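Chains as they are written, first to last, in the working numbering: chain D, 35 to 380; chain U, 35 to 380.
The following block contains the structure:
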């Protein structure tokens with residue numbers, strides 16, 4: 035006997051990456067930014083007015099919307115603030131999908147998407163990427179109410195050119211959500227598409243590019259009709275007053291942001307080269323992590339690294355079992371990883 | 035042509051109370067606590083470690099769960115942390131309700147419940163309270179998958195004895211969610227029921243009793259099977275690191291909390307007396323607001339108060355059109371309200 039709906043009772047929840055209490059562990063498993071957030075964010079927290087806590091926050095986060103709109107060259111009305119990018123994903127599945135309205139996405143990708151489909155009890159149409167992670171042509175033919183493309187994609191770190199996403203948006207009858215959680219580390223992004231397509235939503239997150247995974251702040255950018263519909267179903271005050279103020283300070287510190295991104299890109303290239311020298315196959319990364327393919331199953335490697343105090347991400351699925359997803363850390367952390375792999379006898 | 039599901043397209047979203055930018059307005063419309071949050075909360079923000087922002091938070095908020103469990107005499111596994119109490123409501127409707135699984139609740143009550151039913155596209159069974167706001171006997175007979183009782187109730191400020199809720203839990207086949215957002219201001223609460231009933235969930239919020247409406251933090255207390263099921267469908271990191279740390283500091287400062295509550299109760303009684311002297315019918319309040327019934331439609335009163343810089347809450351529905359919901363403010367704010375009403379010629 036259960037009180038839950040059948041689909042919820044049967045559900046295996048999403049399993050987030052491990053968060054060890056031990057601060058000495060080198061954590062290259064959840065794509066956190068290795069550098070601290072902007073000092074302006076810390077200033078916001080130090081100087082917070084207790085009145086901001088006592089009162090309800092702005093329901094739509096208008097000050098953040100105005101700041102972000104300026105940066106992206108859109109209107110504040112094109113933006114919805116969410117409690118992490120994950121909340122935007124969940125809102126979209128609830129808004130567009132149902133038993134007779136499918137969710138479609140190419141795989142392998144962010145493993146939360148199928149969980150959200152199971153919670154909503156809607157069909158999930160999974161279209162496999164080819165070996166080079168090109169956008170599958172079949173994705174345009176699923177008749178899904180919502181199609182999600184993670185771009186750059188996780189865990190492959192690959193990038194689909196924006197003109198291909200434009201063609202996809204044009205072909206689809208439903209909504210195209212482009213999950214740009216990692217776009218801060220790529221050379222291009224899809225924001226310009228929202229001017230031409232009323233069915234495109236861009237997801238952005240402050241967790242990676244802005245070193246604010248602990249703050250839970252993300253946002254969506256889209257045609258204002260889509261934004262207004264999503265606002266109707268979000269919780270009244272889904273983004274809290276501190277997160278809104280801190281997020282505004284973070285996105286406005288453009289200099290700190292670009293310096294941070296450039297450091298990570300440089301380290302990413304060095305890490306890629308060093309892993310290749312050890313015999314891993316590593317595709318060019320457009321994110322703050324790399325996917326390193328080993329010549330056989332990588333589980334033992336993952337476990338040996340873990341014993342040595344270095345956490346990376348491993349999935350035991352047919353497409354991923356020979357691969358490790360490794361977050362780009364600081365120069366010192368990346369060196370420690372390479373050293374440790376050498377110690378294993380590579 | 036719409037991209038949204040029909041039920042979402044047709045939906046009128048929940049309308050939160052006004053949040054005027056003007057700090058001079060006397061805001062007695064959204065049941066915020068008139069006193070600032072505990073100084074310990076401010077200390078947490080001042081001394082936040084940037085590492086807490088850089089990394090993902092604890093997925094289940096274990097430190098807060100442990101602190102709250104101790105206060106309520108339950109286990110940490112009996113607690114789920116949520117992004118405001120509203121998120122717990124939304125999670126429960128998603129977990130238990132569907133097209134063939136209804137949501138039931140007595141009315142009038144928190145006007146978000148019907149909105150959540152419309153979003154989930156499930157039936158909403160509304161059972162009217164009687165004039166004294168006694169628990170309607172019919173509520174046990176709806177066969178709903180989820181029944182919500184707001185206790186103390188908003189906007190009536192009335193309280194249903196806990197033994198009646200125990201009988202209801204016993205009779206129901208589905209889940210009973212007791213929305214205790216205002217329980218900090220009442221003389222009793224339903225937490226003891228979770229030991230005897232595996233179908234009872236208690237909702238708590240830090241918005242009112244702890245002066246933290248801006249922080250967005252709430253939690254649920256229930257049998258661990260219910261908690262584990264809800265955890266499967268929440269976002270992986272639904273409560274952020276700052277909110278978790280601040281909430282822990284707030285609930286642990288018992289002395290500050292009780293002093294604050296006692297001050298509000300004293301003011302509530304004084305406000306009630308003063309409104310009665312002016313000819314309002316005011317039932318005994320168990321919350322941080324009072325419901326003041328006028329001898330005729332109260333809309334003009336609401337509007338005249340607003341013009342005078344005092345915001346209260348007014349709903350133009352048959353059951354509520356002759357009533358104002360007035361948050362208990364500081365002594366000075368309450369005096370200003372009474373003075374203003376006298377100026378109108380009462």
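Ideal Cβ placement from N, Cα and C applies to all residues, glycine included. It should be emphasised that the depicted structure is a prediction, and the values quoted were computed from it without experimental measurement.
{"Asked": "Can you pull out the residues from the stretch 103–124 of chain D whose beta carbon lies closer than 7 Å to at least one beta carbon of chain U?", "Found": "117, 118, 120, 121, 124"}
{"Asked": "Give the secondary structure of residue 240(D) by DSSP, where H, G and I count as helix, E and B as strand, and everything else as coil.", "Found": "coil"}
{"Asked": "Which partner residues of residue 324(U) appear in the DSSP bridge assignment?", "Found": "360(U)"}
{"Asked": "When DSSP labels each residue in this structure, what does residue 138(D) get in the three-state scheme?", "Found": "strand"}
{"Asked": "Residue 130(U) touches chain D at which residues, Cβ-Cβ below 9 Å?", "Found": "37, 38, 39, 42"}
{"Asked": "Within this structure, are the beta carbons of residue 66(D) and residue 247(D) separated by less than 8 Å?", "Found": "yes"}
{"Asked": "Going by Cα to Cα distance, which pick from 216(D), 111(D), 113(D) is closest to residue 64(D)?", "Found": "216(D)"}
{"Asked": "Counting pairs of Cβ atoms below 8 Å between the stretch 158–165 of chain U and the stretch 132–149 of chain U, do you hit three or more?", "Found": "yes"}
{"Asked": "Is the beta carbon of residue 325(U) sitting closer than 8 Å to the one on residue 359(U)?", "Found": "yes"}
{"Asked": "Can you grab the Cα-Cα spacing for the pair residue 297(U) / residue 219(D), in whole Å?", "Found": "52 Å"}
{"Asked": "Can you list, in chain order, the residues of its chain with a C-beta nearer than 6 Å to that of residue 270(D)? Leave out the 5 residues immediately preceding and following it.", "Found": "93"}
{"Asked": "Suppose the cutoff is 7 Å on Cβ atoms and the five residues either side in sequence are ignored; what does the same chain contact list for residue 78(U) look like?", "Found": "279, 280, 283"}
{"Asked": "Does DSSP put residue 96(D) in a helix, a strand or coil?", "Found": "helix"}
{"Asked": "Can you give me the C-alpha to C-alpha distance between residue 348(U) and residue 275(U), rounded to a whole angstrom?", "Found": "36 Å"}
{"Asked": "Quick one: is residue 289(U) near chain D, going by C-beta distance under 8 Å?", "Found": "no"}
{"Asked": "Pick from 156(D), 315(D), 89(D): whose alpha carbon is nearest that of residue 131(D)?", "Found": "156(D)"}
{"Asked": "Are residue 212(D) and residue 237(D) close, meaning C-beta to C-beta below 8 Å?", "Found": "yes"}
{"Asked": "In chain U, what lies closer than 8 Å to residue 200(D) by C-beta?", "Found": "Within chain U, no residue comes near residue 200(D); the closest Cβ sits about 17 Å away, beyond 8 Å."}
{"Asked": "Which partner residues of residue 315(U) appear in the DSSP bridge assignment?", "Found": "327(U)"}
{"Asked": "Could you name the residues of chain D that residue 252(U) contacts, counting a contact when the two beta carbons are closer than 7 Å?", "Found": "Correct list: empty, because the minimum Cβ distance to chain D is about 10 Å."}
{"Asked": "Closest to residue 197(U) by C-alpha separation, out of 226(U), 178(U), 207(U), would be which residue?", "Found": "226(U)"}
{"Asked": "Have a look at 330(U), 82(U), 99(U), 47(U) and flag the residue whose alpha-carbon is nearest the alpha-carbon of residue 252(U).", "Found": "99(U)"}
{"Asked": "Answer yes or no: does any C-beta atom of chain U fall closer than 8 Å to that of residue 53(D)?", "Found": "yes"}
{"Asked": "Assign residue 126(D) to one of three DSSP states: helix, strand, or coil.", "Found": "helix"}
{"Asked": "Give a yes or no on whether the C-beta atoms belonging to residue 355(U) and residue 331(U) are separated by under 8 Å.", "Found": "yes"}
{"Asked": "When DSSP builds the beta bridges, which residues end up paired with residue 253(D)?", "Found": "115(D), 238(D)"}
{"Asked": "I need the straight-line Cα distance from residue 136(U) to residue 177(U), nearest angstrom please.", "Found": "8 Å"}
{"Asked": "For residue 87(D), I'd like the list of residues in its chain whose CB is within less than 8 Å of its CB, leaving aside the five on either flank, ordered along the chain.", "Found": "275, 276"}
{"Asked": "On the CB-based measure, 16 or more other CB atoms within 10 Å of its CB, does residue 292(U) come out buried or exposed?", "Found": "exposed"}
{"Asked": "Between the stretch 78–92 of chain D and chain U, which residues of the former have a C-beta closer than 8 Å to a C-beta of the latter?", "Found": "79, 80, 82, 84, 85, 86, 87, 88, 89, 90, 91, 92"}
{"Asked": "How about residue 272(U) and residue 117(D): are their beta carbons less than 8 Å apart?", "Found": "yes"}
{"Asked": "Is residue 59(D) close to chain U? Criterion is C-beta to C-beta, closer than 8 Å.", "Found": "no"}
{"Asked": "Name the two residues that bound the continuous beta strand (DSSP E) containing residue 209(D).", "Found": "209–213"}
{"Asked": "So the beta strand (DSSP E) residue 183(D) belongs to, where does it begin and stop?", "Found": "180–184"}
{"Asked": "Only counting the same chain, and skipping five residues up and downstream in sequence, which positions put a Cβ closer than 6 Å to that of residue 74(U)?", "Found": "283, 287"}
{"Asked": "Determine the burial state of residue 352(U): buried for a count of at least 16 other Cβ atoms within 10 Å of its Cβ, exposed for fewer.", "Found": "exposed"}
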